[in-house]
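In the working numbering, the protein residues as written are 1 to 528.
For each residue, glycine too, the CB sits at the ideal point set by N, CA and C.
Just so you know, these numbers come straight off a predicted model, no measurement behind them.
Read through the structure below, which is laid out as structure tokens, and then see the notes.
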């Protein structure tokens with residue numbers, strides 16, 4: 001364990017004991033889970049519109065759509081405990097699954113889709129006739145022209161995380177910082193967390209990656225790094241997360257964006273420049289052709305959300321406010337972890353242990369130091385993640401980490417030892433043994449490769465004869481589980497009322513628009 005981490009943990013223990021207040025270690029989290037609606041007979045992507053019983057995808061507070069009309073996204077509110085967040089997510093799944101059962105549909109349990117017959121098999125999400133609804137649809141049209149629709153069917157779990165005000169008081173006193181404003185201190189500290197996350201985030205797909213296999217339709221021309229294990233299945237022999245590899249989200253236009261998270265201001269400026277910089281390949285597509293929008297503009301990024309990263313600094317923006325303007329004016333409010341695959345063995349796509357591990361890991365990233373990136377580190381991180389997501393299950397493989405050459409197993413073991421020290425401190429101070437238990441589980445994975453989710457999915461795909469068949473069986477197993485459970489009358493009524501209210505909110509927005517969409521888009525894209 002480094003001296004800086006040891007000192008920080010000692011200081012944190014002393015502070016919490018002296019204050020006699022556990023709120024310093026109260027963390028706030030919200031979850032976003034994506035999942036494709038599929039036909040429960042053959043696993044094909046649904047072509048049915050968003051179910052009316054689930055309300056408006058534009059305005060519903062917890063059930064919306066991502067890229068495709070068939071790609072649902074469930075959003076929890078912010079919770080001060082893991083159990084509360086999971087309970088809400090569980091309730092959302094239960095309500096939605098009962099509605100989908102009526103349609104003959106299930107939720108696809110994995111990050112990578114099953115059989116897809118090209119782009120035409122992926123309907124783009126619809127959000128109604130309002131300007132904001134048309135904006136969301138046109139943006140997705142742009143993604144279709146730029147990257148293809150099939151890639152946009154990849155699903156994941158996003159974890160939104162922030163620290164309590166009491167923690168910030170501790171950290172500011174520990175760093176003896178009396179000069180920096182509270183807003184700037186939080187932003188700079190979150191950026192330090194992001195840098196440490198990116199230095200070590202290769203560990204997360206290793207431990208939780210669950211996309212080593214794909215249906216052949218995802219790559220109809222095959223790939224020289226994947227093995228054909230059946231007529232419709234391709235598997236990366238040692239892959240952990242094809243979702244996070246170049247086969248998943250890859251983007252030539254964004255490859256040259258140099259985002260290293262050393263300074264809040266330069267991060268914001270880099271993203272804003274990309275929104276203003278034309279890209280020749282996108283100019284060839286056209287923007288408005290035959291009176292229909294193919295994309296919002298022909299720049300490197302249409303809007304800021306198009307920039308793909310495994311972690312983002314975030315601030316809740318007001319209506320019409322650009323995310324970067326919110327960050328610039330009010331600072332970082334929380335971080336969004338976007339690297340996590342869905343857990344196909346869980347009916348909600350994740351487990352309690354996963355979230356407790358993420359909490360512990362993010363605390364580790366916050367307190368282990370705040371060294372800036374060198375340009376060499378930034379470049380090395382790109383290839384490091386690709387190596388570990390494509391070769392991670394070969395635990396004895398020696399690769400070049402930032403600290404130097406080491407086997408994946410040894411490097412992961414050393415990192416997990418440090419994270420375990422953080423877990424020990426959190427458990428000691430809160431009395432919650434779940435932190436230590438979660439980290440111990442991950443240490444076990446490194447020592448027993450067969451417990452890695454990626455290894456289990458790979459083996460299951462081979463045993464069942466195909467990836468799609470294996471995942472469809474899990475989808476319907478989860479669907480059957482939901483049918484055996486029921487919501488309390490109060491919670492069921494809340495969901496039903498929200499569905500009705502969300503449709504009314506969408507109608508109100510549509511009736512309130514005063515600008516044409518062209519005028520609205522012109523105003524929306526103005527620099528802020």
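Delimiting residues of the alpha helix (DSSP H) encompassing residue i
| i | result |
| --- | --- |
| residue 228 | Not the alpha helix (DSSP H): residue 228 falls in the beta strand (DSSP E), residues 227-230. |
| residue 211 | No alpha helix (DSSP H) holds residue 211; DSSP gives it neither H nor E. |
| residue 63 | Element bounds for residue 63: not the alpha helix (DSSP H) but the beta strand (DSSP E), 63-65. |
| residue 150 | Taken as a continuous stretch (DSSP letters only), residue 150 belongs to no alpha helix (DSSP H), as it is neither H nor E. |
| residue 388 | 375-391 |
| residue 304 | First-last for residue 304: undefined, no H or E at that position. |
| residue 460 | 453-463 |
| residue 125 | Residue 125 -> no alpha helix (DSSP H), and no H or E assigned at all. |
| residue 441 | 434-447 |
| residue 16 | 3-19 |
| residue 321 | Premise fails: residue 321 is in no alpha helix (DSSP H) and is neither H nor E. |
| residue 179 | Neither: residue 179 is in no alpha helix (DSSP H) and is coded neither H nor E. |
Reference residue i; option with closest CA among the options
| i | options | result |
| --- | --- | --- |
| residue 413 | 125, 32, 523, 446 | 446 |
| residue 315 | 271, 328, 338 | 328 |
| residue 266 | 3, 467, 188 | 188 |
| residue 97 | 506, 519, 492 | 492 |
| residue 302 | 309, 319, 292, 271 | 271 |
| residue 268 | 235, 307, 245 | 307 |
| residue 57 | 110, 92, 126, 115 | 126 |
| residue 260 | 16, 398, 360, 376 | 376 |
| residue 185 | 288, 197, 169 | 169 |
| residue 99 | 37, 59, 85, 443 | 37 |
| residue 156 | 285, 440, 31, 502 | 31 |
| residue 285 | 373, 227, 299, 397 | 299 |
| residue 217 | 497, 452, 501, 112 | 112 |
| residue 495 | 21, 2, 289, 62 | 62 |
| residue 431 | 3, 488, 11, 17 | 17 |
| residue 384 | 449, 501, 202, 365 | 202 |
| residue 197 | 229, 337, 47 | 337 |
| residue 345 | 179, 486, 477 | 477 |
| residue 406 | 388, 129, 330, 106 | 388 |
| residue 499 | 33, 2, 59 | 59 |
| residue 42 | 1, 67, 116 | 116 |
| residue 433 | 374, 369, 521, 357 | 357 |
| residue 105 | 85, 70, 91, 130 | 70 |
| residue 101 | 264, 51, 133, 379 | 51 |
| residue 174 | 366, 415, 46 | 366 |
| residue 531 | 522, 528, 511 | Summary: the structure shown does not reach residue 531, with the chain confined to residues 1 through 528, and so no result is reported for it. |
| residue 350 | 228, 481, 453 | 453 |
| residue 49 | 33, 282, 68, 34 | 68 |
Chain D contact for residue i (CB, 7 Å cutoff)
| i | result |
| --- | --- |
| residue 368 | Of the protein chains in this structure there is only one, and it is not chain D. |
Where the beta strand (DSSP E) through residue i begins and ends
| i | result |
| --- | --- |
| residue 527 | Unbroken run through residue 527: none, as it is neither H nor E. |
| residue 361 | From DSSP, residue 361 is part of no beta strand (DSSP E) but of the alpha helix (DSSP H) over 352-367. |
| residue 195 | Not the beta strand (DSSP E): residue 195 falls in the alpha helix (DSSP H), residues 182-200. |
| residue 399 | 398-401 |
| residue 407 | 404-407 |
| residue 170 | No beta strand (DSSP E) holds residue 170; the alpha helix (DSSP H) holding it covers 165-174. |
| residue 345 | Segment: none, residue 345 is in no beta strand (DSSP E) and carries neither H nor E. |
Residue i - partner residues in DSSP beta bridges
| i | result |
| --- | --- |
| residue 157 | 33, 340 |
| residue 314 | 334 |
| residue 233 | 215, 230 |
| residue 109 | Per DSSP, none; premise fails for residue 109. |
| residue 278 | 299 |
| residue 162 | 28 |
| residue 79 | 29 |
| residue 39 | 105 |
| residue 293 | 288 |
| residue 242 | None, per the DSSP bridge assignment. |
| residue 73 | 34, 64 |
| residue 45 | 38 |
Supposed close pair residue i, residue j - CB separation, criterion 8 Å
| i | j | result |
| --- | --- | --- |
| residue 468 | residue 341 | Rounded, the Cβ-Cβ distance is 17 Å, inconsistent with contact. |
| residue 310 | residue 275 | With a Cβ gap of about 20 Å, residue 310 and residue 275 do not count as contacting. |
| residue 177 | residue 114 | That belief does not hold up - the Cβ atoms of residue 177 and residue 114 are roughly 51 Å apart, past 8 Å. |
| residue 319 | residue 304 | About 15 Å; that fails the 8 Å criterion. |
| residue 93 | residue 347 | 6 Å |
> Are the region 456-466 and the region 73-87 touching by the rule of at least three beta carbon pairs closer than 8 Å?
Replying inline: no
> Hey, is the region 121-133 in contact with the region 141-154, meaning 3+ C-beta pairs nearer than 8 Å?
Replying inline: yes
> At a cut of 8 Å, does the region 39-56 reach the region 500-514 through at least three beta carbon pairs?
Replying inline: yes
> Touch check for the region 430-439 and the region 352-369: three-plus C-beta pairs under 8 Å?
Replying inline: yes
>> For the pair the region 381-393 and the region 233-241, tell me if three or more CB-CB distances fall below 8 Å.
In response: yes
> Is the region 162-180 touching the region 19-34, taking contact as three or more C-beta pairs under 8 Å?
Replying inline: yes
> Is the region 276-296 touching the region 133-142 in the sense that three or more CB pairs, one from each, lie closer than 8 Å?
Replying inline: yes
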